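If you count the sequence shown from 1, you need to add 13 to reach my numbering.
In this text, a Cβ means the ideal position worked out from N, Cα and C, and glycines have one as well.
Just so we're clear, the structure is a prediction, and the values are computed from it rather than from any experiment.
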Amino acid sequence: MSALCTPDPSAPEVHLEPLALNRLDDLLTIEQLAYSHPWTRGNFIDSLASGYQIQLLMGGEQLLGYFVAMPGVDEAHLLNLTVAPAFQQQGWARVLLDALALWARGCQAQWLWLEVRASNLRARHVYGQYGFQQVGQRKRYYPANGPVREDAIVMSLSL
């Protein structure tokens, strides 16, 4: 006989919620800690105004990570997926990708698309493990330190 799963009562409940303006400062703090070239407050406000999907992964009241995705015709485009540095390498990126895929399927998307910095080997590995395939490259797509911009690797996942 197998034991029933009993949650740890001291562990915070993990859930997703849409971005609300009262959480934007917490999100921006994580964005600035996680990236050399973070999105701005304006980028997130514009994404909200455009109707993009912005979901927060919460552990109780603690923001663990988030994603921003843009719906399209038969596809969805992941614009930003971030796990707070203190919670990286704990499987939360996969949880966010599962939530993204579920949302995209609900929108009748057949494909997920994303760009990732060529130098971001850890993210490329996570996406590859999830099933994304490299399908192209965008030259000088991302800002970088110094005069030369960084290439993006274009990846896609069939849903």
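Could you give the residue range of the beta strand (DSSP E) that holds residue i?
i: Phe80; result: Gln75 to Pro84
i: Leu70; result: Gln66 to Gly72
Would you decide whether residue i is buried or exposed? Buried here means 16 or more other CB atoms lie within 10 Å of its CB.
i: Asn93; result: buried
i: Gln68; result: buried
i: Glu30; result: exposed
If you reduce the DSSP assignment to three classes, tell me which class residue i lands in.
i: Arg130; result: strand
i: Met14; result: Any reading at Met14 must be qualified, since the residue scores a pLDDT of 47, below 50, and its modelled position is unreliable; the value itself is stated next. Note: Met14 maps to coil in three-state DSSP.
i: Thr42; result: helix
i: His28; result: strand
i: Asp164; result: strand
i: Ala112; result: helix
i: Ser169; result: strand
i: Tyr48; result: coil
I need the straight-line Cα distance from residue i to residue j, nearest angstrom please.
i: Met14; j: Ser171; result: Only weak support exists for where Met14 lies, its pLDDT of 47 falling under 50; the value from the coordinates is given anyway. Spanning the two alpha carbons is a distance of roughly 39 Å.
i: Leu134; j: Gln150; result: 15 Å
i: Glu44; j: Leu17; result: 38 Å
i: Asp38; j: Leu109; result: 20 Å
i: Gly73; j: Ser60; result: 25 Å
i: Ala157; j: Ile166; result: 15 Å
i: Gln147; j: Ala47; result: 23 Å
i: Met168; j: Tyr143; result: 11 Å
i: Ala89; j: Ala122; result: 6 Å
i: Leu113; j: Thr53; result: 22 Å
i: Gln66; j: Tyr140; result: 19 Å
i: Tyr154; j: Arg162; result: 6 Å
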